[in-house]
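Protein sequences, first through last, are from chains Z and G.
Read left to right, the first sequence gives residues 1 to 156 (my numbering).
Read left to right, the second sequence gives residues 1001 to 1156 (my numbering).
Protein chains: 2
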Amino acid sequence: KERLVSGVTCDLNTAKIAILEVPDRPGIAYKIFSALAKANINVDMIIQSIMRDNVNDISFTISESDADLALEITKGVADEIGAKGVKFSKDVAKVSIVGAGMVNNPGVAATMFETLAEEGINIQMITTSEIKISCLIDASSAIKAVKALHKKFNLS
Amino acid sequence: KERLVSGVTCDLNTAKIAILEVPDRPGIAYKIFSALAKANINVDMIIQSIMRDNVNDISFTISESDADLALEITKGVADEIGAKGVKFSKDVAKVSIVGAGMVNNPGVAATMFETLAEEGINIQMITTSEIKISCLIDASSAIKAVKALHKKFNLS
Ligand SMILES: C[C@@H](O)[C@H](N)C(=O)O
Ligand SMILES: C[C@@H](O)[C@H](N)C(=O)O
Chain Z
1 KERLVSGVTC DLNTAKIAIL EVPDRPGIAY KIFSALAKAN INVDMIIQSI MRDNVNDISF
61 TISESDADLA LEITKGVADE IGAKGVKFSK DVAKVSIVGA GMVNNPGVAA TMFETLAEEG
121 INIQMITTSE IKISCLIDAS SAIKAVKALH KKFNLS
Chain G
1001 KERLVSGVTC DLNTAKIAIL EVPDRPGIAY KIFSALAKAN INVDMIIQSI MRDNVNDISF
1061 TISESDADLA LEITKGVADE IGAKGVKFSK DVAKVSIVGA GMVNNPGVAA TMFETLAEEG
1121 INIQMITTSE IKISCLIDAS SAIKAVKALH KKFNLS
């Protein structure tokens, strides 16, 4: 029987930045990420969910070593575009489940979320692709999360 | 020279749903997606960005054929957990750039966003993985978006 999930990964060398209430109009995402690219900052996750009242938040993750410079650049762009503010934390970890068997399997994401909930771990950010589901959580919960996911998906 | 982006994909058979201002505590993501999984609904993108004032929005996409049932289920969960409401649209398309060369290349996402901005296309949702950057846009802009991205990334 095909294994649904083939592995669990954990990235502790990550920081999150969010630029809050940016105008929801063409060109804004470009402005933010071209500024970061110009400084050669590698952006990992980029997450933008549904807008509200003509504004949106855009959150992203970078390595901890790039975090301070990324924050400085983001604050600059935030001022320029009239965003409400910027949030920042280095105290996070990105935990992911990976697998070719996940596509078109409705229960896999729910099972990952259930596992984290059972450990009392709050999910800060979520992003998915066909072969990977990633959750950003407190860095202090990372080890517990990885252990529980290994167990739930029979990977121990 | 390695090609950064190897392809552009477009999924027009997609609808977006967002559950607004859900309590930001463990177990909520599980509740929503287990309800959808129980109904055998395949969820494509799941997007959760930064929280605000102890609530968060969770948006996701499904096929158009699953959309009405997914909406019904989501409204049920929304009431149960005290979310503010649910948003819904079938008038969307998911446009993605794909490539192994994108990892650790800061400019690629910015270039995709620039291309959409140049066409006057507003980016509704964004999600990324190491090999894929996806933007949700108006369905009516999809063809224009794909053409422009092919051109920008020399794929025509
Ligand atoms: C919010 C941001 O993504 C904006 N909608 C844009 O297209 O750039
Ligand atoms: C908002 C939702 O993701 C919540 N934080 C949870 O862990 O389920």
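Glycine is no exception: its CB is placed at the ideal position from the N, C-alpha and C atoms.
DSSP, reduced to helix, strand and coil, places Z/Leu-20 within a strand of the structure shown. Z/Lys-75 carries a helical assignment under DSSP once its states are collapsed to helix, strand and coil. Neighbours of G/Ala-1117 across chain Z, judged by C-beta separation under 7 Å: Pro-26, Gly-27 and Tyr-30. Excluding the 5 residues flanking it on each side, G/Leu-1069 has same chain C-beta neighbours closer than 8 Å at Ala-1039 and Ile-1041, in chain order. For the segment 1043-1076 of chain G, the beta-carbon criterion of a distance under 9 Å to any beta-carbon of chain Z is satisfied by Val-1043, Asp-1044, Met-1045, Ile-1046, Ile-1047, Gln-1048, Ser-1049, Ile-1050, Met-1051, Arg-1052, Asn-1056, Asp-1057, Ile-1058, Ser-1059 and Phe-1060. Inter-segment contact for the segment 1137-1153 of chain G and the segment 1006-1021 of chain G is present: three or more beta-carbon pairs are separated by less than 8 Å. Put simply, the backbone Cα of G/Val-1108 is about 23 Å away from that of G/Leu-1012.
Taking a C-beta distance under 8 Å as the contact criterion, G/Phe-1088 and G/Ile-1133 do not qualify as a contact pair. At a cut-off of 8 Å, the C-beta of Z/Asn-13 has no neighbouring C-beta in chain G.
Residues of the segment 95-110 of chain Z that bring their beta carbon within less than 7 Å of a beta carbon in chain G comprise Asn-104, Pro-106, Gly-107, Ala-109 and Ala-110, in sequence order. Put simply, of Z/Phe-153, Z/Glu-114, Z/Ile-73 and Z/Ile-137 the residue whose alpha carbon is nearest the alpha carbon of Z/Gly-101 is Z/Phe-153.
DSSP lists Z/Ile-126 as the beta-bridge partner residues of G/Gln-1048. Contact check for G/Pro-1106 against Z/Ala-117 fails: the beta carbons are separated by 8 Å or more. For G/Gly-1007, the nearest beta carbon of chain Z is not closer than 8 Å to its own beta carbon. The beta carbon of G/Ser-1096 sits closer than 6 Å to the beta carbons of Thr-1009, Lys-1132 and Ser-1134 from its chain, once the five residues preceding and following it are set aside; these are given in chain order. Taking all protein chains shown into account, G/Asn-1056 has 16 or more neighbouring C-beta atoms within 10 Å of its C-beta and is therefore buried.
Rounded to whole angstroms, the gap between the alpha carbons of Z/Glu-80 and G/Asp-1024 is 30 Å. Under the three-state reduction of DSSP, G/Lys-1031 is assigned to helix. Beta-bridge analysis with DSSP links G/Lys-1087 to G/Ala-1018. Look at which beta carbons fall closer than 5 Å to any heavy atom of ligand 2; those residues are Z/Asn-122, Z/Ile-123, G/Asp-1024, G/Pro-1026, G/Ile-1028, G/Ala-1029 and G/Asn-1056. If you check the C-beta of Z/Val-22 against ligand 1, you find a heavy atom less than 7 Å away. In the three-state DSSP reduction, Z/Ala-39 falls in the coil class, being neither helix nor strand. Neighbours of G/Lys-1087 across chain Z, judged by C-beta separation under 8 Å: Ile-50. Note on geometry: alpha-carbon atoms of G/Glu-1021 and G/Gln-1124 lie some 18 Å from one another.
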